[in-house]
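Participant: Sharing a structure with you now.
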Amino acid sequence: MTLEADIERFPLAAAEWDDLSAQILAAREKLEPCRTDGYRFGILAESVGDAHDLFIGNVYDALAAGSNVAISIGDALQATGRDFGMTDDEQARYLATTTDQI
93 MTLEADIERF PLAAAEWDDL SAQILAAREK LEPCRTDGYR FGILAESVGD
143 AHDLFIGNVY DALAAGSNVA ISIGDALQAT GRDFGMTDDE QARYLATTTD
193 QI
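Take 93 as the starting number for the sequence shown in the working numbering and just add one per residue.
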């Protein structure tokens, strides 16, 4: 069995995940001014305003988490491409530097 990988595609895929992360953060920034807008529903609809603020806050936090996941995926793709691109000797030298981390 032979494992073949087009190692040039890993950095390209990683860049796409990094772009996605930036787009998610841009969406998150657009929510920033809305996080405490619930008061605009007025005194008679106070519970709606509280629910609004809670919902927007949760979406805001979820977008931050999503951005972090996208960055992690991009980093993993970069590392995978780097690992596949190393020769056996380079891989052995790299692994030797990580023995203190285990």
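For glycine and all other residues, C-beta sits at the position ideal for the given N, C-alpha and C.
Using 10 angstroms around the beta-carbon of S159, count the other beta-carbons present and answer buried if the total reaches 16, otherwise exposed.
Facilitator: For the purposes of this step, residue 159 is taken as the residue at position 67 of the sequence shown. Buried, since its Cβ has 16 or more Cβ neighbours within 10 Å.
Participant: What do you get for F102, buried or exposed, if any count of 16 or more other CB atoms within 10 angstroms of its CB means buried?
Facilitator: In the sequence shown, the residue the question calls residue 102 occupies position 10. With 16 or more Cβ atoms within 10 Å of its Cβ, F102 is classed as buried.
Participant: When you compare the CB positions of G141 and F133, do they come within less than 8 Å of one another, or not?
Facilitator: Here residue 141 refers to the residue found at position 49 of the sequence shown. Here residue 133 refers to the residue found at position 41 of the sequence shown. The answer is yes: Cβ separation under 8 Å.
Participant: Quick check: what's the CA-CA separation for A171 versus L117?
Facilitator: For the purposes of this step, residue 171 is taken as the residue at position 79 of the sequence shown. For the purposes of this step, residue 117 is taken as the residue at position 25 of the sequence shown. Cα-Cα distance, rounded: 23 Å.
Participant: Any idea what DSSP makes of R185, helix, strand or coil?
Facilitator: Position 93 of the sequence shown holds residue 185. Correct three-state label for R185: helix.
Participant: Within the chosen definition, does the region 122 to 138 reach the region 103 to 113 through at least 3 CB pairs nearer than 8 Å?
Facilitator: Result no; under three Cβ-Cβ pairs closer than 8 Å.
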